[in-house]
Each structure stands twice: as structure tokens, then as C-alpha cells.
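**Q**
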Amino acid sequence: MVGLRIAVGLALAVLVGGAAFYILTMPRGLPAATLAALPEGDASHGETVFWTGGCASCHAAPGAQGDDLLRLGGGLVIKSDFGDFVSPNISPHPEDGVGGWSPADFANAMQRGVSPDGRHYYPAFPYTSYIRMDPADVADLWAFLQTLPRVAGAQRGPDLAFPFNIRRGVGLWKLAFLTDAPAIAIDSAYTLALRGRYLVEGPGHCAECHTPRNRAGALDRSAWMAGAPNPDGEGRIPNITGGEGGIGAWSAGDVAYYLETGFTPDFDSVGGSMAAVQRNTAKLPGGDRNAIAAYLKLLPPQSSGSWGAAGP
Amino acid sequence: MKSLPIGFAALVALCHPAFAQDDAVAVRKALMDSVAASAAVSGGVMKGEIDYVPAIGKAAIEAINATAQSYGFFFPEGTDGETDSRSTASPKIWTDRAGFDAEIAKLQAAVGAAREAGGKDGPADAAAFAAAIEPVLGTCRSCHEGYRIKR
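In order, the protein sequence lines correspond to chains A and B.
If you read the first sequence in our numbering, its first letter stands for residue 47, the second for the next number, and so on.
If you read the second sequence in our numbering, its first letter stands for residue 9, the second for the next number, and so on.
Quick look at the structure:
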């Protein structure tokens, strides 16, 4: 009898645990009201959103230049501690890309990391930042994507080690780390810096490279923009706060000039993976570059040594 | 006693600082600093912070040309940024030397065109200088994108 009780108890525990896991990790899209209120997108503004988001850096063919940046067939392999992620085809190709999606499908993917068939995306896709976007900007971006060339060829899925290959587990990760709360509090009087915060923490997703990550692969908000190991392998991503090793000596004008021309105050030029980012920021309205600069100048100073044991 | 001069000579050889021309990393950093200084003058002119005279434009263009002609000679084996902590040269320079040389050739071509446009005295006015120098400065990025590491 005791044995039976234990067996029943264990079975119940597994059932309850399984049910809890199932419910907790259920992929959840945007609220129905948000989806219902999605405006008709404006493709020309969507192009500005496209460059702000730097979509081409991952979704165009690696090394693409000029018009090839608009061919979003994917294929970039991102090597991580968890395994390899492959950027998908987001061209409007009806089978291999996102041509068959609805605007709501796209908004759920961008802002909640949920696919049209109701599965979690891994946060290598920075919906962790895009969750802070204005849904109207997402709708505009969607409209712009419709105007781009259809690229044939679907990409393979991620190649991850156990247990990270259990997609449902991303649901737990989202419960712990996915938030639309701003990383940096800014007084409502600073309208320029608030616009900058929107661009940097939302579509620009700057923190995804410039902020170090914890063991679960989530951004360490206590070291916001302190710089981090280069995900590409070589060297480091710089500290862009005003702290030691950062850009405290740069004026807001210097930051905006860098984003426009690619030259630092010492007239060193932009390099590495930032070169592609800067080609994008050069296409933004000047006011948006000034806004990004105003936000960066308000960041709490961080020392470059504050991320990881490796040090600068 | 005979061993003393030999020992002394060995000591001198050990302590003697390397000749500057033996230190490729130091040379190429100096060359690149001269380009940065020329780029700073160019940026100052284009932003209207420096009053332009043709001699300024000529000096900037010629300094960059001197680097463009010599820079590629200072990348011996074993001086990449992962071997020498002073350097930010990507190991890719040695694994893809042809690509690196192509980047230097782009710089040489751009600065050659700027010299031609400027003539004997340098570009005549700030607008002519900007038109001549912008394609030159545009070559910095693609080389730094692929062949430099950040630390």
C-alpha cells in the first residue's frame, strides 16, 4: 500500500509539474487589443525603421553591400555558448520567407518572440529589445518589408545542445528575463533623450552587443552598455558609457558626428561589426542621431572592467 | 679576461633598444596616427572649424599618400594583435593578405585621385578639398571593418 501511495504521489507530482511547465511556458502573443489596433503601415517610414533596426546586418547575405542589403534571405550563423543560430529568410517570399504572414504574425514575432504557428523564437532574435517598440513602427516596418525582393531558399533551424534545444524552455527564460520596462529611468522633461532611449533600447537594440550577458544569456542590466566580449570572437565590444574605458570624453556632438560619418573625436574610423551599424545610422534623420547621443550621455557611468573576469 | 669584452658586447646587444625600423608595430602606428591627424584637419575644414587655404589640403593629402605608399610594408609575421598586445591588427591580414592588399590599393587609388584633383598647390577651396578627400576617408572604414580587432 505504501508503495502504491508513493507511486500515485509521484505520478501526481509529475502531472502537476508537467501541467505547470506547460502553462508557464505557453507562447503568448501580443494582447488582442494591441493587434486589433495595429495601424495600416507606412512603407516609407518603415524604411527608416528598417535602418534603425539594422535588420540587414543579420538577414541579408553576410558581407552584402548596396542593394543586396535589401535581399533578406538570411543565412548568417551566430555561434554562441548554447549552439549555432541561423538567421532566417525574412524576405516576402511566400514559402521560404514571410510572404504568407499577416501583420499580426509579424508583430507577435517582433514584440513577443512568438512564431505564426505558436512556437517560441530563441532570443538570438532580439525581440527582447523590439518588445519596447511602438506597434505603429512595427506595422510600418512590415509595410516596407513587403516592397523588398522575394529571395528563394529557406534557412535551416538552430543547432543547439541539450537542454537548449527544447524550445518550450524559452518560455521559462521569457518569464525570467523578457520585459518591456526601460533599462534606464529618464525624466520626462528630457524629450530628446527619451527619443534616444526609444531608439537605442527598442529598434536599435544596441545593448544586445554593448551590454554583457549573464550565464542564462540575458543582458546584465547592472552593467548597462559597459561593453562586452565580441560575439564574433575577436576582441571586444566597447563600453559606451561615460565611465573608465568608455566615451566620457566625447561630447554629444561627437557621438552624433560618429554615427553620421564613422569618425571618432580622434579621427580614428569606425571598424569591425560597428562599421555596418554606422552605415545604417548614417541613413537616419539627424535628429535621431542627436537623440541617441543625448541618451548615451545620460547613461550611468560603468567601468569597462566591470564585465566578466577577463577584464579589459 | 678575454670573456669580458664578449660578455659586455652581449649585454650591450641585449639592452640596446630595437631600432625603430625594426619595430613594425611602432612604425605602422605612427603612420596611422599621421593619417588620423590629416583626417582630423579634413574634418575640421568640412565642419567649418578650420579656415581653409590650399596648403592645408595639400599637406593632408600628401601625408595620407605617404602612408598609403608605405603602410603595407610593415606587417611581418608575428605582429598581429593576438600576438603583440600593442597591435589591433587582425590575424586576417596574414590569412587573407590579398584582401588586405586590395584595401590598401583602394586607399592608394583614392588618394592618388585626390592628388591629381588638387594639382601642384592643393585643392583651390574648401568645397574642392571636401570633394577630393571624402572618397579617401571613405576607405578607412572598409579596411577597419575586416582587418582590425577592437580591444
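All residues carry an ideal CB built from backbone N, CA and C; glycine is no exception.
The structure displayed is predicted, hence computed values, not measured ones.
(1) Please confirm if residue 42/B has its CB atom under 8 angstroms from at least one CB of chain A.
(2) Closer than 7 angstroms by C-beta to residue 199/A: which residues in its own chain qualify, once you throw out the five before and the five after it? Chain order, please.
(3) Find out if the Cβ-Cβ distance for the pair residue 298/A, residue 339/A is shorter than 8 angstroms.
(4) Could you check the C-alpha separation between residue 267/A and residue 301/A for me, to the nearest Å?
(5) Provide the residue(s) that pair with residue 101/B in DSSP beta bridges, ordered along the chain.
(6) Quick check on the burial criterion: 16 or more other C-beta atoms within 10 angstroms. Buried or exposed for residue 121/B?
(7) Please state if the CB of residue 69/B and the CB of residue 126/B are separated by a distance shorter than 8 angstroms.
(8) Kindly give me the distance between the Cβ atoms of residue 165/A and residue 73/A, rounded to whole angstroms, as I take these residues to be in contact under 8 angstroms.
(9) Mind checking whether the beta-carbon of residue 53/A lies closer than 7 angstroms to any heavy atom of the ligand SAH?
(10) I'd like the list of long-range same chain contacts for residue 86/B, defined as Cβ closer than 8 angstroms, with 5 residues on each side in sequence excluded.
(11) Quick one: what does DSSP say residue 1/A is sitting in, helix, strand or coil?
(12) Of the residues 149/B, 151/B, 110/B, 144/B, which one's Cα is nearest the Cα of residue 65/B?
(13) Looking only at its chain, what residues have a beta carbon closer than 8 angstroms to the beta carbon of residue 309/A, apart from the 5 residues adjacent to it on each side?
(14) Any contact between the region 148 to 159 of chain A and the region 172 to 192 of chain A? By contact I mean 3 or more CB pairs, one from each, below 8 angstroms.
(15) Residues of chain E with a CB under 9 angstroms from the CB of residue 51/B: which are they?
(16) For the candidate residues 225/A, 233/A, 231/A, 221/A, whose alpha-carbon lies nearest to that of residue 69/A?
(17) Which residues in chain A sit within 7 angstroms of residue 70/B, going by Cβ to Cβ distance?
(18) Mind pulling the beta strand (DSSP E) runs of 3 or more residues that sit fully within the region 86 to 164 of chain A?
(19) Please report how far the alpha carbon of residue 133/A lies from the alpha carbon of residue 63/B, in whole angstroms.
(20) Run through chain A and tell me which residues come within less than 8 angstroms of residue 134/B, C-beta to C-beta.
(21) According to DSSP, which residues form a beta bridge with residue 309/A?
(22) I'd like to know whether the C-beta atoms of residue 245/A and residue 96/A end up nearer to each other than 8 angstroms.
(23) Here's a check: name, in chain order, each residue in its chain whose Cβ is nearer than 6 angstroms to the Cβ of residue 283/A, leaving out the five neighbours to either side.
(24) Residue 2/B lies in the alpha helix (DSSP H); which residues open and close that run?
(25) Just how far apart, CA to CA, sit residue 180/A and residue 223/A?
(26) Does chain B have any CB closer than 8 angstroms to the CB of residue 258/A?
(27) Between 311/A, 348/A, 191/A, 251/A, which lies nearest to residue 88/A when the distance is taken from Cα to Cα?
(28) Please report the distance separating the alpha-carbon of residue 48/B from that of residue 318/A.
(29) In chain order, what residues of the same chain have a beta carbon less than 6 angstroms from the beta carbon of residue 97/B, not counting five sequence neighbours either side?
(30) On a CA-only basis, which of 100/B, 141/B, 147/B, 71/B is nearest residue 83/B? Give me that one, please.
(31) Which residues in chain B have a C-beta closer than 8 angstroms to the C-beta of residue 284/A? List them in chain order.
(32) Report yes or no: is there a C-beta of chain A within less than 8 angstroms of the C-beta of residue 27/B?
(33) What number of angstroms, rounded off, separates the C-alpha of residue 82/A from the C-alpha of residue 154/A?
(34) What do you reckon, are the CB atoms on residue 100/A and residue 285/A nearer than 8 angstroms?
(35) Residue 51/A lies in the alpha helix (DSSP H); which residues open and close that run?
(36) Indicate whether at least one CB of chain B lies closer than 8 angstroms to the CB of residue 123/A.
**A** By the coordinates alone:
(1) No - not a single Cβ of chain A is within 8 angstroms of the one on residue 42/B.
(2) Residues 119, 135, 142 of the same chain have their beta carbon placed closer than 7 angstroms to that of residue 199/A, with the five preceding and five following residues left out of the count.
(3) In terms of Cβ geometry, residue 298/A and residue 339/A form a close pair [threshold 8 angstroms].
(4) Looking at the two C-alpha atoms, the distance is approximately 22 angstroms.
(5) DSSP links residue 101/B through a beta bridge to no other residue.
(6) So residue 121/B counts as exposed.
(7) Taking 8 angstroms as the cut-off, the Cβ atoms of residue 126/B and residue 69/B count as close.
(8) Indeed, because the Cβ distance is near 6 angstroms, the residues count as touching under 8 angstroms.
(9) Annotation note on the ligand SAH: not contained in the displayed structure, which lists no ligands.
(10) The answer, listed in chain order, is 92.
(11) Outside the displayed range of chain A (47 to 358) lies residue 1/A, so it cannot be described from this structure.
(12) When the alpha-carbon of residue 65/B is set against those of 149/B, 151/B, 110/B, 144/B, the nearest one is in 144/B.
(13) Taking C-beta separations shorter than 8 angstroms and ignoring five residues to either side along the sequence, the partners of residue 309/A in its chain run 303, 315, 316, following chain order.
(14) The answer is yes - the region 172 to 192 of chain A touches the region 148 to 159 of chain A, with three or more Cβ pairs under 8 angstroms.
(15) Annotation note: the requested chain E is absent from the structure, which comprises protein chains A and B.
(16) Answer by Cα proximity: 221/A.
(17) The premise fails here: residue 70/B is roughly 17 angstroms from chain A at the closest Cβ pair, so nothing lies under 7 angstroms.
(18) DSSP runs (the beta strand (DSSP E)) wholly in the region 86 to 164 of chain A: 123 to 126, 129 to 132.
(19) Spanning the two alpha carbons is a distance of roughly 51 angstroms.
(20) Near residue 134/B there are no residues of chain A at all, since even the closest Cβ is about 16 angstroms away, more than 8 angstroms.
(21) Under DSSP, residue 309/A shares a beta bridge with 315/A.
(22) In this structure, residue 245/A keeps its C-beta atom at 8 angstroms or more from the C-beta atom of residue 96/A.
(23) Correct list, in chain order: 255, 256, 273, 274, 276.
(24) Summary: the structure shown does not reach residue 2/B, with chain B confined to residues 9 through 159, and so no result is reported for it.
(25) In a straight line, the C-alpha of residue 180/A is about 20 angstroms away from that of residue 223/A.
(26) No Cβ of chain B is located within less than 8 angstroms of the beta carbon of residue 258/A.
(27) Cα-wise, what sits closest to residue 88/A is 191/A.
(28) A straight-line Cα-Cα distance of about 21 angstroms links residue 48/B and residue 318/A.
(29) Excluding five sequence positions before and after residue 97/B, the CB atoms of its chain that fall closer than 6 angstroms to its own CB belong to 88, 89, given in chain order.
(30) Here the closest residue by C-alpha is 100/B.
(31) The answer, in chain order, is 158.
(32) For residue 27/B, the predicted structure reports a pLDDT of 48, less than 50, and the residue's modelled location is therefore unreliable. A value from the coordinates is still provided. No, its Cβ sits nowhere closer than 8 angstroms to a Cβ of chain A.
(33) Computed Cα separation, rounded: 12 angstroms.
(34) Contact: no.
(35) 48 to 70 is the extent of the alpha helix (DSSP H) around residue 51/A.
(36) Cβ-Cβ to chain B under 8 angstroms: no for residue 123/A.
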